[in-house]
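>
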Amino acid sequence: MRRFVIQALCAPLAVLALAGQARAQSTFPYDHVHVNVPDPAAAANWYEKNFGGKRITEAPDRLMYGSTRFMFLKLANAQPSAGSAIDHVGFSVPDIDAKFREFEANGVKITTPVRDLPGVFKLGFVEDPWGTRIEVVQDPDLLGLHHIHMRGPDPEAVFSWLLQKFGGQRTQLKGRLDAVKYSAPGFSDMWILVQRGDATPSEGHAIDHIGWRSSGPLKDTIDGLRAKGVTVTTEPRPLPLPNGPTIHFSYVAGPAGAKIELVERPGLKPGE
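Going by our numbering, 359 is the number at position 103 of the sequence shown; the sequence numbering is gapless.
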């Protein structure tokens, strides 16, 4: 009985510890997903046709879902995303049954037909022509780009890493699925989920990396992350966009082999 009481007391303390990590670290706004494809223009057209999104002028092959950029890197023969540290992305639609009929008519590869996850939502899986696994859900609380599903042998270690480095809220999606939620004033929400399993590094896979926005000078952000033990793989550097301002970017090694980019977008307001 004594052991049971001690365990019962320790469990909520562990949850409070994770919550404390999130409070101690201010939340970074979620910024983008970067996908490897052989033809960025064709990929942008495919996603716009099947998942909507808004074209932005800073580059000809970029889409915005809310405040989150969905971007494409030119790379032939990328490995499929499934099984990598960034296993799949999730989109939410108002009527999933109608959307899957549309997918079928458009020749989209359906890998898992629609099914109901009781108490959560309806879901199904499709795959883009270049190997990105896509989960489609019917969640009226967040339509459009909905979540990133990461992968690692220890999901709690992944959640803890994210909370310590980028903040966020440790919670459960629909009260059932363990997650970290990223919400920042002026920015769209993003759910990060993690499934248990061995993972290969994301770089070179269909989903190459994911990115957060630096709210201040990128150099200061990277110095702060480095002080927390984060491995910086690309030091901050400028990048002039084809039709937009010069941004600053850097790459760091994320949990379980996930490649993560940090971006500073000078002159842009939150959500732009």
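Ideal Cβ placement from N, Cα and C applies to all residues, glycine included.
Would you call the stretch 472-481 and the stretch 374-386 touching, i.e. three or more CB-CB distances under 8 Å?
At 8 Å Cβ cutoff, the stretches do not touch.
> Whole angstroms are fine: how far does the CA of residue 324 sit from the CA of residue 513?
Computed Cα separation, rounded: 22 Å.
> Do you know offhand how far residue 316's Cα is from residue 387's?
C-alpha separation (whole angstroms): 22 Å.
> Hey, how far is the Cα of residue 488 from the Cα of residue 481?
Cα to Cα, the separation comes out at about 8 Å.
> Pair every Cβ in the stretch 453-469 with every Cβ in the stretch 334-342, then say whether three or more of these pairs are closer than 8 Å.
The stretch 453-469, when compared against the stretch 334-342, does touch it at the 8 Å Cβ threshold.
> Of the residues 299, 423 and 293, which one's Cα is nearest the Cα of residue 484?
It is 423.
> If you measure between the beta carbons of residue 446 and residue 403, is that distance less than 8 Å?
Contact flag set, yes.
> Less than 6 Å between C-beta atoms, sequence neighbours within five positions excluded: which residues of the same chain meet that for residue 307?
347, listed in sequence order.
> Give me the DSSP bridge partner(s) of residue 465.
Its beta-bridge partners are 290.
> Using only alpha-carbon positions, find the residue among 517, 366 and 504 that is nearest to residue 421.
Ranking 517, 366 and 504 by Cα distance to residue 421 puts 517 first.
> Note the first and the last residue of the continuous beta strand (DSSP E) segment covering residue 352.
Per DSSP, residue 352 belongs to no beta strand (DSSP E); it is in the alpha helix (DSSP H), 352-362.
> Out of 349, 381 and 371, which has the shortest C-alpha to C-alpha gap to residue 337?
Selected option, being the one with the closest Cα: 381.
> Could you give the C-beta distance for residue 292 and residue 509, rounded to a whole number, given that I count them as a contact under 8 Å?
Residue 292 to residue 509, Cβ: 18 Å. No contact.
> Do residue 415 and residue 436 count as a contact pair if the criterion is CB distance below 8 Å?
Yes, these two residues count as a Cβ contact at 8 Å.
> Leaving out five residues before and five after residue 452 in sequence, what residues of the same chain have Cβ atoms less than 6 Å from its Cβ?
Closer than 6 Å at Cβ, skipping near neighbours: 411.
> Residue 383 to residue 490, Cα distance in whole Å?
Cα-Cα distance, rounded: 30 Å.
> Report buried or exposed for residue 357, applying the criterion of at least 16 other Cβ atoms within 10 angstroms of its Cβ.
Residue 357 is exposed by the Cβ-count criterion.
> In the DSSP assignment, find the beta strand (DSSP E) that holds residue 330 and state where it starts and stops.
Its beta strand (DSSP E) spans residues 324-330.
> What first and last residue would you give for the beta strand (DSSP E) that runs through residue 425?
Residues 425-429.
> In or out: residue 282 buried (at least 16 other Cβ within 10 Å) or exposed?
Exposed: under 16 other Cβ atoms inside 10 Å.
> Would residue 442 pass as a contact of residue 526 if the rule is Cβ separation under 8 Å?
In this structure, residue 526 lies closer than 8 Å to residue 442 by Cβ.
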